[in-house]
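Numbering (my numbering), first residue to last: 6 to 659. Notes for the one structure printed next.
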Amino acid sequence: MNRKKFYITTPIYYPSDKLHIGHAYCTVAADAVARYKRLQGYDVMFLTGTDEHGQKIEQKAKAAGVTPQQFVDNIVSGKDGILDLWKLMNISNDRFVRTTDDYHMESVQKIFRRLYEQGDIYKGKYVGKYCTDCEAFWTETQLVDGKCPDCGREVKDAEEEAYFFRLSKYAGRVRDLLVNTDFLEPRSRVNEMVNNFLDAGLEDLCVSRTSFSWGIMVDFDPKHVVYVWVDALSNYINALGYENSKYDDYDDYWPADLHLVGKEIVRFHAIIWPALLMALDLPLPKKVFGHGWLLLDGGKMSKSRGNVVDPYVLAGRYGVDALRFFLMRTFPFGTDGNFSNELLIQTINTDLANDLGNLVSRTTAMAGKYFDGVLPADQRADGNLDSDLLALASGLRGRYEEAMEHFAPHKAMDEVFKVIQRANKYIDENKPWVLAKSPEELPRLAHVLYNLLETTRICGILLTPFMPESMEKLFAQIGAAAEQQTWESAARWGELPRTVSVRKGENLFPRIDLEKELKELEAAAAPAAAEAKPAEQAEAPAFITIDDFDKVKFVTAKVLACEAVPKSKKLLKFTLDCGESEPRQILSGIHEYYEPEELVGKTVVACTNLAPRKMMGQMSNGMLISAVKEEPDGSEKLHLLMLDGKVPAGYGLC
Ligand code: MSP
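If you want it as structure tokens, here you go:
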């Protein structure tokens, strides 16, 4: 029998910088939904990828002195790149599309040509404002205080010959789709679209550019490249083989069941994308869901604000599953949520270490202690004491499904944790340690433990989409064969054999010392923030004047002393002779590359008129200069600039 299909996508990511926890939020959510649907028995196609064209990438590549292709290759598949991150986060995507893939580019060209030939795209002239960061053209009326309405940055005048898509022609149908169907959720996003865009009237959309070249060429007019959003949005069909021969499952999976996207790109998915599909006469996706942002200190995370949270650091410290769990458990999916390290640790401690971890470790420990790990067949139920837990656990799947189908994973997990908490209470009510003292109560004790294991099993199945690896370990500990833990069995009480044998194993979710951890995280963040500086300087303008150069004071400096900064993995503290009356203290994040002892006595180069700043509670009065070298494995290594000793300390460089 043909299984029912489910096609789910994430947005495709801009490889302009390393991704942060906000990006991981959307992909983890999509992964959890994909795993949930697979658990339900669907044949799932889960697509993610990267959106690699546009002026921003072209500019960044130029600043970095590499080709745009080299630039994106490094961020997508280099060390700690996007592919590495998704592997680390255990993302189970079935396909990964890159908009620089040949087959995708071929499809985009064919789509553009077809729309042109049928008159939905025409040639005109664009006069307006352009925001380089958002790659978006705006009309004067769309600007907010003269700035880009999306990011608030400056816009510039732009005029160019361009192709236009007849978006206005589809305005009525798009409005109908948004207002009269459940195409876009949550409903609040429909109001945003209507008030901010549809009511203002949809103008035709400029869909080609001539001012830069890093894009997909319009094949019948090669000085134009296709607008990045037309390029990017069409990935959802191209990656199934639409207008290319790389894949051939378009008929199997299109229309998509769910496009999950962040709120700021709902406009593209709920207005432009359906209009393009209408023009192509293709079925529309069944659902676009616009989730909220993960905020930090009430604002959006972004590299330029210098407030990004690194998923590698968090996954490394607390485990991938705990991080995945936190993201989905804590924040209602449709609205913004405020990230904090404290909230992360508290959630792990309360839900995973206390509630779930305790249930598993207490139950398996008692089964080990009282029955050598194998429950006896002779068991005695007690309707009065058992019925509440059994009813709650048996009905759990239905309540969980209801929440998951309404894009409320946090509510689904709420239901699971209510059952886990009830099970912990059941232990206290039944007092197994008292039962264990009377031989005639052993059948009752065995049944109490059985009920606890069975409850844990059901909860384990339903938590699998969020914490796949940990739940496998949990099944092994409670003696449940992993392959039998199906969606069906989550609704059937009594699936574990009566004489189940358990194996107490490692503590699945150790408790975290909140105070200690917060201090360490803060300490880890300080040098990271310090190191963010050089990367941002790499984006300097192409030329500076000699006057600009003269403003920077470089001198030769002799290392008098050097030691590691306590609690920092990266910072070294230098005491330097810079030819001044007093030695100078400078901190440098190079401990990964040098041991302090080997640097004493060396002559290095220091910038001495950089504004002093505090790192890890210590002052740094300047900066040591290093060369950044890319290693064959894609990582970067810093080499401190050293002189051969013929030049004494305190000489200026020119
Ligand atoms: N390239 C476009 C998407 C094209 S889809 C055809 C893009 N890329 S992005 O890398 O900037 O963002 C990808 C996704 O990450 C977006 O859905 C965005 O909302 C999400 N997030 C980026 N920062 C985020 C948070 N701080 N919180 C939650 N999601 C956020 O847009």
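By construction, the Cβ of each residue, glycine as well, lies at the ideal position given by its N, Cα and C atoms.
Pick helix, strand or coil for W498, following the three-state DSSP scheme. In this structure, W498 counts as coil in the three-state DSSP scheme.
The ligand MSP and H25: does the residue's C-beta get closer than 8 Å to at least one heavy atom of that ligand? Within the cutoff, so yes.
Could you give the residue range of the beta strand (DSSP E) that holds G5? Here the chain covers residues 6 to 659 and nothing more, so residue 5 does not appear.
Please state whether DSSP places Y19 in a helix, a strand or coil. Under the three-state reduction of DSSP output, Y19 falls in the coil class, being neither helix nor strand.
Quick one: is the Cβ of L289 within less than 8 Å of any heavy atom of the ligand MSP? Result no, Cβ not under 8 Å from the ligand MSP.
For A163 and F142, I'd like the C-alpha separation in whole angstroms. Looking at the two C-alpha atoms, the distance is approximately 8 Å.
In whole angstroms, what is the alpha-carbon distance linking L645 and L519? Their backbone Cα atoms lie some 37 Å apart in a straight line.
With H, G and I counted as helix, E and B as strand and the rest as coil, what does DSSP make of M333? Reduced to three states, the DSSP call for M333 is helix.
A611 classed as buried or exposed, judged by whether at least 16 other C-beta atoms fall within 10 angstroms: Around the C-beta of A611, 16 or more other C-beta atoms lie within 10 Å, and the residue is accordingly described as buried.
For Y19, which option in A68, F11, G86 has the closest C-alpha, if you only look at C-alpha atoms? Nearest of A68, F11, G86 to Y19, Cα basis: G86.
Determine the extent of the alpha helix (DSSP H) in which Y168 is found, giving its start and end residues. Element bounds for Y168: not the alpha helix (DSSP H) but the beta strand (DSSP E), 161 to 170.
On the criterion of 16 or more Cβ atoms from any shown chain inside 10 Å, does S573 qualify as buried, or is it exposed? Result: buried.
Please work out which residues of its chain come closer than 6 Å, Cβ to Cβ, to A545, disregarding the five sequence neighbours upstream and downstream, and give them in chain order. Below a pLDDT of 50, predicted positions are generally treated as unreliable, and A545, at 49, falls in that range; the measurement from the model is reported next regardless. Short of 6 Å from the beta carbon of A545, and not among the five residues preceding or following it, lies no beta carbon of its own chain.
Please report the residue range of the alpha helix (DSSP H) in which M409 lies. Run containing M409: 401 to 410, per the alpha helix (DSSP H) assignment.
Check the DSSP bridge columns for E122 and list the partner residues they point to. In the DSSP output, where bridge partners are listed per residue, E122 has none listed.
In or out: N512 buried (at least 16 other Cβ within 10 Å) or exposed? When all chains shown are included, N512 counts as exposed.
How is the alpha helix (DSSP H) around C567 delimited, first residue to last? Per DSSP, C567 lies in no alpha helix (DSSP H) segment; the continuous beta strand (DSSP E) that holds it begins and ends at 559 to 569.
To the nearest angstrom, report how far apart E536 and E527 are at their CA atoms. In this predicted model, E536 has a pLDDT of only 49, less than 50, meaning its place in the structure is not dependable; the value taken from the coordinates is given anyway. Taking the straight line joining both Cα atoms gives about 15 Å.
Quick one: is the Cβ of N4 within less than 8 Å of any heavy atom of the ligand MSP? With the chain represented from 6 up to 659, any question about residue 4 goes unanswered, as that position is not in the structure.
Does the ligand MSP have even one heavy atom less than 8 Å from the beta-carbon of I96? False, no ligand heavy atom lies under 8 Å from that Cβ.
Between the alpha carbons of K642 and E568, how many angstroms are there, rounded? Each residue's Cα considered, the two are about 20 Å apart.
The ligand MSP and L440: does the residue's C-beta get closer than 8 Å to at least one heavy atom of that ligand? Distances taken from the Cβ of L440 to the heavy atoms of the ligand MSP include none shorter than 8 Å.
So does the segment 133 to 140 actually touch the segment 277 to 285, counting three or more Cβ pairs closer than 8 Å? Verdict: no, contact absent.
Three-state secondary structure (DSSP) of H25: Correct three-state label for H25: coil.
Report the residue from L183, C211, E597, P227 whose alpha carbon sits nearest the alpha carbon of L203. Nearest C-alpha to L203: L183.
Would E541 be called buried (16 or more neighbouring beta carbons within 10 Å of its own) or exposed? Low local confidence applies: a pLDDT of 36 at E541 is under 50, so the model's placement there is unreliable, and no value is given.
Which residues share a DSSP beta bridge with Y317? Beta-bridge partners of Y317 (DSSP): none assigned.
Using only the heavy atoms of the ligand MSP, determine whether one of them is closer than 8 Å to the beta carbon of G267. Yes - the ligand MSP has a heavy atom lying nearer than 8 Å to the Cβ of G267.
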